[in-house]
Structures are given as structure tokens and as C-alpha cells.
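Quick note on the UniProt record's numbering: the sequence shown kicks off at 1 and runs consecutively. The C-beta atom is built at its ideal place from N, Cα and C for all residues, glycine as well. These numbers come from a predicted model, not from an experiment.
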Amino acid sequence: GKKRIIDNEGRTFIIKAACTKPSEFGYPHEVWTNRLLTEYLREKAPEEYNLGNISNGTVSKILTKSNIRPHKIRYYMEKTDPEHEKKQTEVLHVYREVKVLREGGDTEKLCAILSYDEKPGIQAIGNIYPDKQPNEKHGYISRNHDYKRNGTLSLMAGIDLISGQLIPLVEERHRSLEFVKWLNLVDKYYPDDYKITIILDNHSVHTSRETMRYLSSRPWRFHFVFTPTHASWLNVIEMFFSKMARSMLRGIRADSKDELKSRMLEYIRELNNEPVVFTWGWKMDEMPGGITP
């Protein structure tokens, strides 16, 4: 017989259904499968839309053409910080200042600018049976499923955004006590007449009573610039942590926390021998008075 044509109203009905949760139509499902959506359309669509015999393939083609994928879930983060835009702009202004300093635009300025964060819960996992290295027969590492947990460590690190040098501290915990210990390291690292700006997140230890007490003992030495809540991606140090997780920490085995600590610090020493300066480009050209890349 004559091929039935699905007009614009029929297509709109399909897309509207796909953009509605199945549970709102009485199904127990949270998201559509192509088969479930097709069954719904065949049963519930008005007759004039010619969807009574629509196929799974046709539904899929219509949704693909409209860039609708009701079977997929992508996560987003709601902006809950009322000062999100203000804090974001402050961070971007710091990155612009870094760009000027790196290009030699203000050589007289005595300052250091760091990006800081913590990476907690790094596991010291040891093998019970030794790994077998690749050979002619098996071209991959063979590892037994059994392992032992030897505890966890926290890495606190800041990266100098001008020089690329990393300032690390590895401890078993990351409380105010340890954060102040890291600030002491930074304080000793730079000349006394340097003003030190640190980009960091809103973790409670960064504004705790112990931290504030320490900062008051070093007036005018430190300036904190906070990223917006749930916006750690704005912090350059996250690039370093990501690189470290994908390379040095990937699949690591350590028989003790001391061994894990030693290897992490050795990795950072190697990086500091040939430092990499991480740069920020997102939205820099959109800022008032911003820099064109």
C-alpha cells in the first residue's frame, strides 16, 4: 500500500513524548528505551499522526535528526553560589595578571601566584603476589586480583603559575593543621617581601579558626582568591592532579604509605626539574579589558 507520511505534527508529538519522562505516562522506567518509546507511540498517538505502525528505526531517525537522545543522561552542576559570577571573574582576573607577568609586563612586581588544592584518599595498595612483567608470550602485565590495603595519604600541592614549580606536602590527613603546615612551606619558599596570592576552593579548612590565626600572624603575606562553589574546574592545579592520576598513580602498587609518599614526591621532584607552566585560556578574551589570545 501507499507509504504513510509522518507530518510535522506527528514529528512534534514524537519529540514531545521523548522529552517527557516515561514515569509521567505511567511506566516504571526512568528513561526511554527506543523500543518502549515506539510502543508508546503506536498505542497512544492520535490516529491522524499515522504512528500506529511506526518502526523502531523511524523513531530513532527522527530523534537523531532532532539531536534528541532520551536514553542518555549527562550530569550538570547547579550554580548554588550566589556569588558565582563575582568569584569566577576574580579568578579570571588573577589568570590575566599571570599572563601579564609571564610576558614580562610587570617585572618590578614582587609577587607569587599559586593554584592550590588537595587530593585526599590516595590508596597505598600492595600486592599479595608479585606482578608478572610483559614477555614474548604475554605482552601485558599480569596482576593477581588479591591485594592488601596499607592505608591512604593526602597530597596537598600548589603550582606556581608563573614558574610552573610545584610545592607539595604529603600527609595522612588534610585538616587545618596540615593546611597551615603547607602554608608555612610556601612562606619559607618565597622571599619575605613577596605578596603571595593563592587560588583555592571553599573547603572549610581554608577559612577555619586555625587557618585565620596563622594568616593573622603573617599580615599582608597571603591573599586568598576562592573559586565558586562546585567550580573546582576553574582551578589550574586540577590539570596537574588529572595528569598525575593518569600517569604516575595509574595502577600503582606500594607496600607501605612511606613507599607511596616517597614515590609521589620523587615524581614531583622530576617535574620540578623541567617545570611545565599550565595556562588558562577560557573566557579570557571576554573579560572587561581582557586579553586577546
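Coarse secondary structure for residue i, derived from DSSP in three states
i, result
"Tyr75", "coil"
"Val186", "helix"
"Pro22", "helix"
"Asn56", "helix"
"Thr197", "strand"
"Arg248", "As written in the sequence, residue 248 is Met, which differs from the Arg given in the question. DSSP places Met248 in coil when its eight states are reduced to three."
"Ala254", "coil"
"Ala157", "strand"
"Ala17", "helix"
"Ile291", "Caution applies to Ile291, whose pLDDT of 36 falls short of 50 and renders its modelled position unreliable; the model cannot decide the point."
"Leu51", "coil"
"Val236", "coil"
"Gly1", "Its pLDDT being 49, under 50, Gly1 is placed unreliably by the model, and the measurement read from it follows with that caveat. Gly1 falls in the coil class under three-state DSSP."
"Val225", "strand"
"Glu171", "strand"
Euclidean distance between Cα positions of residue i and residue j
i, j, result
"Asp117", "Glu266", "19 Å"
"Ser176", "Ile73", "37 Å"
"Lys16", "Leu271", "53 Å"
"Asn34", "His71", "8 Å"
"residue 310", "Asn127", "Lying before the first or after the last residue shown, residue 310 is absent from the chain, which here runs from 1 to 293."
"Met156", "Lys137", "42 Å"
"Ile125", "Val170", "17 Å"
"Tyr189", "Arg269", "15 Å"
"Ser142", "Lys132", "5 Å"
"Pro134", "Tyr140", "5 Å"
"Trp220", "Val98", "19 Å"
"Ile62", "His203", "46 Å"
"Phe25", "Leu51", "17 Å"
"Trp233", "Tyr95", "14 Å"
Close Cβ partners of residue i (< 6 Å) along its chain, the five nearest in sequence each way excluded
i, result
"Arg102", "Ile162"
"Lys21", "none"
Rounded Cβ spacing between residue i and residue j (contact assumed at less than 8 Å)
i, j, result
"Ile159", "Val236", "7 Å"
"Ala112", "Tyr194", "5 Å"
"Phe222", "Ile196", "5 Å"
"Ile198", "Phe240", "Actually they do not touch by this definition, with Cβ atoms about 15 Å apart."
"Leu41", "Ile14", "6 Å"
Contact set for residue i: own chain, Cβ-Cβ below 8 Å, skip 5 residues either direction
i, result
"Ser38", "The sequence given here has Thr at residue 38, not Ser. Same-chain partners within the cutoff: Ile54, Ser55, Asn56 and Val59."
"Gly1", "In this predicted model, Gly1 has a pLDDT of only 49, less than 50, meaning its place in the structure is not dependable; the value taken from the coordinates is given anyway. Here the set comprises nothing."
Near the ligand NAP: residue i beta-carbon under 7 Å from a heavy atom
i, result
"Arg213", "The ligand NAP is absent from the structure shown, which contains no ligand whatsoever."
7 Å Cβ shell around residue i - same chain, five flanking residues per side excluded
i, result
"Arg173", "Ser154"
"Ser256", "Ala124 and Asn150"
**Item:** Runs of beta strand (DSSP E) wholly within the region 85 to 151 (minimum 3 residues, chain order)
**Value:** 111 to 127
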